[in-house]
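A.B. asks: Numbering (this note's numbering), first residue to last: 254 to 860. Structure provided below as structure tokens; questions to follow.
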Amino acid sequence: MSQEEDREQPSQASFAQAAQIGAYGTSSHRLSIHYHVSLSEPESHLFEVTLQVKGWNPEQRLDLRMPVWTPGSYLVREYARHVQMVAAFADGTPLPCSKQHKNHWQIDPQGQPDITVQYQVFANELTVRTNHLDRSHGYFNGAALFFYIPGYEACPVRVTVVPPRSDWRVTTPLPSAEEANTFEASDFDTLVDSPFEIGLHRVYEFEAAGKRHQFAVWGQGNLLPERVIADMQRVIEVEASLFQGLPYDRYLFLLYLTSQGFGGLEHKFCCSLIYSRFGFHSKDKYDRFIQLVAHEFFHLWNVKRIRPKALEVFDYEQENYTPSLWFSEGTTSFYDLVIPYRAGVYDIGTYLNALSKEISRFLTTPGRKTQPLSESSFDAWIKLYRPDANSPNSQISYYLKGEMVSLLLDLLIRSRHQNRRSLDDVMRQMWHQFGKPEVGFTPEQLQQAIESVAEMDLSNFFERFLHSTEELPFDDYLAPFGLRVQADDDGVPYVGWRAQTEHGREIIKFVEAGSPAQKAGIDAGDELLAIDGLRVSSDQLSDRLRDYQPGDRLEVAIFHQDQLQICCVTLAAPRPSRYQVLPIQQPSPQQAQLFQGWLGVPLAEIM
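Written out as structure tokens, the structure is:
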């Protein structure tokens, strides 16, 4: 694989050369894989897929498998559950086709080298990791739509899209072939990594850092394309400067505007984003969108090319375990706050406020005391994407704690080297050592890279903050920069529950482990009725509790599994509900100098 910094999608020549892969293992036979995706009845939510396999060994059964997950979203999603009506033919004659496993079909070619497979995929889930088809558009991800042939994942693939109307366009990061609406993927990994949008979406072209970019938008809202594109350009340029160039010639941003959506999925040459359709006028919401852009764009280096060894070669059949998602996702989350600040999208006050909110989220998540960061990464497949009522007690997000640990590492390196080195240098070293050649890194190699930049042994740091549940000492790392974390509470006695109105009822959604509420026998799912004989609603809780003092006993009426119960709750002292990053009193000249070297403005400006 090329190690040059600027790499194009495969050319037609390289496609043809790669296609000379024989069904018998020799170059004299060419295996041709061509998909046709039809959207003939968008209202049905059914993609109609035809797979043409030519040059197959007629003496060998054809195995077809559907991926169970997609890179970037670490959960077995069982995409095969949406597949229906699988049938196989040769010259129009049906071939025996049987299902062998949940995602495995087998076809008997009966001596025929050219096989046609037809199937349908139900698509009515609009997320960045699934498929969606309705009368307004079609969107699909390769892992959720296409079969692969085990052992032939390296074969090139062609995809022809058949829109329902002549005015629908097709947008994808894949390069075009000679045929209309036909595109080429150099292998199955590239096909999985290249989503398609088909419809009447708007496409904007722009340049940034000397490269071509497209911004495709589906849906209506209060988006101002010119403003967003200008800020995208700034983000691209800052990240390109960090990594000393862009590893592509063309990049695509796909944006889906929905009622309440939020999320993104990274790809090598594009990213898919979902955001609230009216989330662009409010400054806080707009800043959050630019952070999402910065996050997914940063992934084109970190995780798409700089990736853990366990993800160097994707196994689409099962979980791909790694303890290093804290770096792939958490470090990316660290940068998605700072990149818009460096790009001038928002000011120092906004950055420190956003950082304070992240620290608050972390320090108010009790699961940080239960689950180590490396375990959080390893358990992503069974925990992060499957939250339940106990999740805040039992787990911590590798996004969030990874972001916090990355902050400490950046501050540690900066203070040790007087801002002449930083986490930026770690990212560049990881890019040159692992990203350009696209070889996976081990946890030990990641630690070695960070240690080489820091010029110190970080074994103790990693043991304390990655492999144990020791509290992160924010003040120790912020103090050299003249900052501290201040805890604030709202003066409300602590109960340890969270309630929410649902269908006119007040439902306990979460009960913290060891809290007064749990000790009184209150569970998540209970219906809250009254406090000391008086009806209460979730939006009144704080005001009602202000009338009491720590140590007071309340009689709380609940329905527990439809049974009326009275629980006695002994209130505890108020707990901090938010944390702020603030300047220390009378910082030294050295602290002020380090702060300015870190964030580029005088410390006095925030005092």
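Glycine included, C-beta positions come from ideal geometry on N, C-alpha and C.
(1) Would you mind sorting Ala857 into buried or exposed? The rule is 16 or more other CB atoms within 10 Å of its CB.
(2) DSSP on His756, reduced to helix/strand/coil?
(3) On the DSSP bridge list, what partners appear for Glu460?
(4) Label Tyr539 either buried or exposed according to how many other C-beta atoms from any shown protein chain fall within 10 Å of its C-beta, with 16 as the threshold for buried.
(5) Extract the residue ranges of the alpha helix (DSSP H) inside the stretch 696 to 722, only unbroken runs of 4 or more that lie entirely within it.
(6) Using the three-state DSSP reduction, which class does Gln648 fall into: helix, strand or coil?
(7) So, helix, strand or coil for Thr585, using DSSP?
(8) Under a three-way DSSP split, which group does Arg480 fall into?
(9) Using the Cβ count rule (16 or more neighbours within 10 Å means buried), how would you classify Ser281?
(10) Are at least three pairs of beta-carbons, each pair with one atom in the stretch 485 to 502 and one in the stretch 583 to 593, less than 8 Å apart?
(11) Straight-line CA distance for Glu704 to Arg674?
(12) Bridge partners for Arg455 per DSSP, in chain order?
(13) Can you give the beta carbon distance from Tyr569 to Ala396, rounded, assuming they're within the 8 Å contact cut?
(14) Please work out which residues of its chain come closer than 7 Å, Cβ to Cβ, to Ala707, disregarding the five sequence neighbours upstream and downstream, and give them in chain order.
(15) What first and last residue would you give for the alpha helix (DSSP H) that runs through Ser613?
(16) Identify whether Gln793 lies in helix, strand or coil by the three-state DSSP scheme.
(17) Give the single residue among Phe631, Asp741, Thr585, Glu724 whose Cα lies nearest to the Cα of Val679.
(18) Nearest to Asp316 by alpha carbon, out of Ala766, Ile360, Val329?
(19) As a quick exercise: from Tyr528, Val374, Glu755, pick the residue whose alpha carbon is nearest that of Gly514.
(20) Taking the alpha carbon of Leu824 as the point to measure from, which residue in Asp800, Ser841, Val566 has its own alpha carbon closest?
(21) Where Thr413 and Trp421 are concerned, what is the direct C-alpha to C-alpha distance, given to the nearest angstrom?
(22) Arg418 to Leu499, Cα distance in whole Å?
(23) Is it right to say Ala752 is buried, meaning 16 or more other beta carbons lie within 10 angstroms of its own, or is it exposed?
(24) How about Ile451 and Leu299: are their beta carbons less than 8 Å apart?
(25) Have a look at Glu565 and Lys557 and give me their C-alpha separation to the nearest angstrom.
(26) In whole angstroms, what is the alpha-carbon distance linking Ile865 and Asp792?
(27) Helix, strand or coil for Val488? Go by DSSP, reduced to three states.
(28) What residue from Tyr574, Tyr599, Trp554 has the CA that sits closest to Asp537's CA?
(29) Can you give the Cα-Cα distance for Val854 and Gln624, rounded to whole angstroms?
(30) By Cβ distance, which residues of its chain are closer than 8 Å to Phe694, with the 5 residues on each side in sequence left out?
(31) Let me know the secondary structure DSSP gives Ala766 once reduced to three states.
(32) What residues in its chain sit with their C-beta under 6 Å from that of Asp663, if we drop five residues either side in the sequence?
(33) Pairing CB atoms from the stretch 801 to 808 with CB atoms from the stretch 753 to 763, are three or more of them under 8 Å?
(34) Considering only their Cβ atoms, is the gap separating Leu719 from Trp579 smaller than 8 Å?
(35) Alpha carbon to alpha carbon, how far is His357 from Pro403? Give it in angstroms, no decimals.
(36) Just verifying my parser: in three-state terms, what is the DSSP assignment at Ala563?
C.D. replies: By the coordinates alone:
(1) Result: exposed.
(2) In the displayed model, His756 falls within coil according to three-state DSSP, outside both helix and strand.
(3) Among the bridge pairs identified by DSSP, Glu460 is matched with Arg465.
(4) Tyr539 is buried by the Cβ-count criterion.
(5) The stretch 696 to 722 contains these whole alpha helix (DSSP H) runs: 696 to 707, 712 to 718.
(6) It is coil, neither helix nor strand.
(7) Three-state result, Thr585: helix.
(8) Looking at Arg480 - three-state DSSP - the assignment turns out to be helix.
(9) Only weak support is given to the placement of Ser281: the predicted model assigns it a pLDDT of 34, under 50, and the value that follows is read from those uncertain coordinates. Note on Ser281: under 16 other CB atoms within 10 angstroms of its CB, so exposed under the neighbour-count rule.
(10) As far as the Cβ criterion goes, the stretch 485 to 502 touches the stretch 583 to 593, which means the pair count is three or higher.
(11) Taking C-alpha positions only, Glu704 is separated from Arg674 by approximately 12 Å.
(12) Residue pairing by DSSP places Arg455 opposite Val470 in a beta bridge.
(13) Sure, about 7 Å apart at Cβ, within 8 Å.
(14) So the list reads Leu665, Ile666, Arg669, once near-sequence residues are dropped.
(15) Note, Ser613: alpha helix (DSSP H), 601 to 616.
(16) Helix at Gln793.
(17) The closest CA to that of Val679, considering only Phe631, Asp741, Thr585, Glu724, is found on Thr585.
(18) Ranking Ala766, Ile360, Val329 by Cα distance to Asp316 puts Ile360 first.
(19) Of the candidates Tyr528, Val374, Glu755, the one whose C-alpha sits nearest the C-alpha of Gly514 is Tyr528.
(20) Leu824 has its Cα closest to that of Asp800, out of Asp800, Ser841, Val566.
(21) C-alpha separation (whole angstroms): 14 Å.
(22) Their backbone Cα atoms lie some 36 Å apart in a straight line.
(23) With 16 or more other Cβ atoms within 10 Å, it is buried.
(24) Between Ile451 and Leu299, the CB-CB gap reaches or exceeds 8 Å.
(25) Looking at the two C-alpha atoms, the distance is approximately 9 Å.
(26) Because the chain is modelled from 254 through 860, residue 865 falls outside the range shown and cannot be assessed.
(27) In this structure, Val488 counts as helix in the three-state DSSP scheme.
(28) Ranking Tyr574, Tyr599, Trp554 by CA distance to the CA of Asp537 puts Tyr599 first.
(29) Those two C-alpha atoms are separated by around 37 Å.
(30) Only Ile559, Arg560, Pro561, Lys562, Ser577, Met683, Gln686, Phe687, Ala702 meet the Cβ criterion.
(31) In this structure, DSSP gives Ala766 a state outside helix and strand, which the three-state scheme calls coil.
(32) Same-chain partners within the cutoff: Ser675, Leu676.
(33) Fewer than three Cβ pairs drawn from the stretch 801 to 808 and the stretch 753 to 763 lie within less than 8 Å of each other, which leaves the two stretches out of contact.
(34) The Cβ atoms of Trp579 and Leu719 lie closer than 8 Å to each other.
(35) Each residue's CA atom was taken as its position, placing Pro403 and His357 some 10 Å apart.
(36) Three-state DSSP puts Ala563 in a helix.
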